[in-house]
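Colleague: Sending over a structure as structure tokens; questions will come in a sec.
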Amino acid sequence: MTHRIVLPTADRSLQTYTLRATPVPAQPAAGAFNRIAYSAAHVVADPLADNDPWLSCAVDWDKTIAYRQYLWSLGLGVAEAMDTAQRGMGLDWPTSLELIRRSLDAAKDVPGAIVASGCGTDHLDLDSVKSVDDVIRAYDTQMEAIEALGGKLIVMASRALARVAKGPADYERVYGHILSQSAQPVVLHWLGEMFDPALAGYWGTSNVDAAMNTALDVIAAHPHKVDGIKISLLDKDKEIAMRRRLPKGVRMYTGDDFNYAELIAGDGFGSEITHGQSDALLGIFDAIAPAASTALQALAQGDEARFHAILAPTVPLSRHIFKAPTRFYKTGVVFMAWLNGHQDHFTMVGGQQSTRSLQHLAELFRLADAANVLVKPELAVARMRTLTALYGIEQA
């Protein structure tokens, strides 16, 4: 069946687009991956809740957990309550903790399911934060709550720490405390300012190389308490340089949504396997889950050519979803979930569906088709027709 739809183009004209409609099948993983692969997972809003979206969040728990079960079925782990779940952009700490609790409970029913959960300081009122001690107490609060549920920690970058720290020594103090207190090895999380402008100058400096040295010093002081570090700088050379300097056994979890395929495949550098390849903790895996799973299975079977053949078409899509302002990428991720039938609406907590234009979403649709990740083409066309109608576009 031929699928056609009228979409806006960059010059503001309208053009009929014909889908390729050759999706990668969403099939359960047939075997274990040879990389740890977390998908940072989105939340599904409750569109019928009588709330004020800019002020409070309402979550459709059934659909939200169902999406995690879908990710687990594909062999992907879940990085829970992270920025992809709109942490700090609509999802507050009490709701985040409930999300973590529900996700951990659901994982118990899925053999092999892995979950790691975001631990931060986002419950603080930034205007009331006066000292590093305030930040330490805030991290302790969330650590204790997540670990009481049996959760593994992803130590999220802290806006509060970026605000009050006077230099690298303050970061070393805070992270040294966290790592000395954690019940099990954690994943550290370095999010660049393109994802969150409030994190500019993280690790006590605006110089990325100097910041990397501080992060590496923190890890070197507690290597057995660090499972790995996820960096999202959208700079593959910086990631590779840091990866090669990690202590033995500490993993690099790529958060590079521009260059993930080559970073995961790796370059084989060094005597330590973790120096020559990256594992993954990626928001884009939420949007391209079937392709990510199939590619990772190919890589595990030694077929690197097929791995790249599957993922290469997804890279232009990812670069579009994560284009500046990068922090609005969540809109594209949720849009993909709606197109693919994982939720019945295109509504986000915080009203964040409004952060991208119709032009952006139309190009996303075309790139998703080219990337073979519109898993139900007929449904995707029907939903895109609904969206364009809201913008006054009449279909032929």
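For the sequence shown, our numbering begins at 1 and goes up steadily by one.
Cβ atoms here follow ideal geometry from the backbone N, Cα and C, with glycine treated the same way.
Using three-state DSSP, classify Y391 as helix, strand or coil.
Modeller: Coil at Y391, not helix or strand.
Colleague: Hey, could you find the ends of the beta strand (DSSP E) V43 is sitting in?
Modeller: Careful: V43 lies outside any beta strand (DSSP E) and carries neither H nor E.
Colleague: Report, in whole angstroms, the separation of the C-beta atoms of G266 and I231, which I expect to be a contact under 8 Å.
Modeller: Their Cβ separation, rounded to whole angstroms, is 15 Å, which puts G266 and I231 out of contact at 8 Å.
Colleague: What first and last residue would you give for the alpha helix (DSSP H) that runs through E147?
Modeller: Its alpha helix (DSSP H) spans residues V132 to A148.
Colleague: Could you give the DSSP three-state label for W54: helix, strand or coil?
Modeller: It is coil, neither helix nor strand.
Colleague: Compare the C-alpha of L281 against each of L179, A116, T64 and K225 and name the closest.
Modeller: Answer by Cα proximity: A116.
Colleague: Would the beta-carbon of F335 fall within 8 Å of that of T355?
Modeller: No; because the gap between Cβ atoms is not below 8 Å, this pair is not in contact.
Colleague: Between which residues of its own chain and E394 is the CB-CB distance below 8 Å, once the five residues before and five after are set aside?
Modeller: These residues qualify, in order along the chain: V6.
Colleague: Give me the Cα-Cα distance between V381 and A107, rounded to the nearest whole angstrom.
Modeller: Computed Cα separation, rounded: 33 Å.
Colleague: So the candidates are Y38, S13, T95 and R4; which of them puts its Cα closest to the Cα of Y260?
Modeller: It is Y38.
Colleague: Reducing DSSP to helix, strand and coil, say where H189 ends up.
Modeller: Strand at H189.
Colleague: For R137, count neighbouring Cβ atoms within 10 angstroms of its own Cβ and tell me buried if that reaches 16, exposed if not.
Modeller: Exposed, since its Cβ has fewer than 16 Cβ neighbours within 10 Å.
Colleague: Going by other Cβ atoms of all chains shown within 10 Å of its Cβ, with 16 needed for buried, is L126 buried or exposed?
Modeller: Answer is exposed; the Cβ neighbour count stays below 16.
Colleague: Rounding to the nearest angstrom, what Cα-Cα distance links S180 and M242 in this structure?
Modeller: Rounded to whole angstroms, S180 to M242 spans 23 Å at the Cα level.
Colleague: What is the DSSP secondary structure of I231, reduced to helix, strand or coil?
Modeller: Three-state result, I231: strand.
Colleague: Looking only at its own chain, which residues have a Cβ that is under 8 Å from the Cβ of K236, when we skip the five neighbours before and after it?
Modeller: Same-chain partners within the cutoff: D256, F258, N259, E262 and L263.
Colleague: In chain order, what residues of the same chain lie with their CB nearer than 6 Å to the CB of L379, ignoring the 5 residues before and after it?
Modeller: Hits under 6 Å: G341.
Colleague: Taking the alpha helix (DSSP H) that V164 belongs to, which residues open and close that run?
Modeller: Looking at the DSSP string, the run of the alpha helix (DSSP H) that includes V164 is R159 to V164.
Colleague: Quick check: R35 and L234, are their CB atoms within less than 8 Å of each other?
Modeller: Cβ distance not < 8 Å, so R35 and L234 don't count as in contact.
Colleague: Let me check one thing: in DSSP terms, what residues is L91 bridge-paired to?
Modeller: Its beta-bridge partners are R87.
Colleague: Is G118 helix, strand or coil by DSSP?
Modeller: Strand.
Colleague: Buried or exposed: which applies to S293, given that a residue is buried once 16 or more other Cβ atoms fall within 10 Å of its Cβ?
Modeller: Flag for S293 reads buried.
Colleague: For I65, which residues in the same chain have their Cβ closer than 6 Å to its Cβ, ignoring the five residues on either side in sequence?
Modeller: Result list for I65: R102 and A106, in chain order.
Colleague: Can the beta-carbon of M89 be found less than 8 Å from the beta-carbon of A40?
Modeller: For M89 and A40, no; Cβs fall outside 8 Å.
Colleague: From the DSSP output, in three-state form, read off V129 for me.
Modeller: Three-state result, V129: coil.
Colleague: Look at the alpha carbon of G176 and the alpha carbon of V155, and state the distance between them as a whole number of angstroms.
Modeller: Taking the straight line from one Cα to the other gives about 12 Å.
Colleague: Could you tell me whether the stretch 308-328 touches the stretch 364-373, using the rule of 3 or more Cβ pairs below 8 Å?
Modeller: Short answer: they touch.
Colleague: Within a Cβ cutoff of 7 Å, which residues of the same chain sit near N372, ignoring the five residues on either side of it in sequence?
Modeller: Within the same chain, N372 has close Cβ partners T22, P23, V24, A291 and P313.
Colleague: Just to confirm my understanding: we take P28, look at its own chain, exclude 5 residues before and 5 after, and list those with CB closer than 6 Å. What are they?
Modeller: Within the same chain, P28 has close Cβ partners S73.
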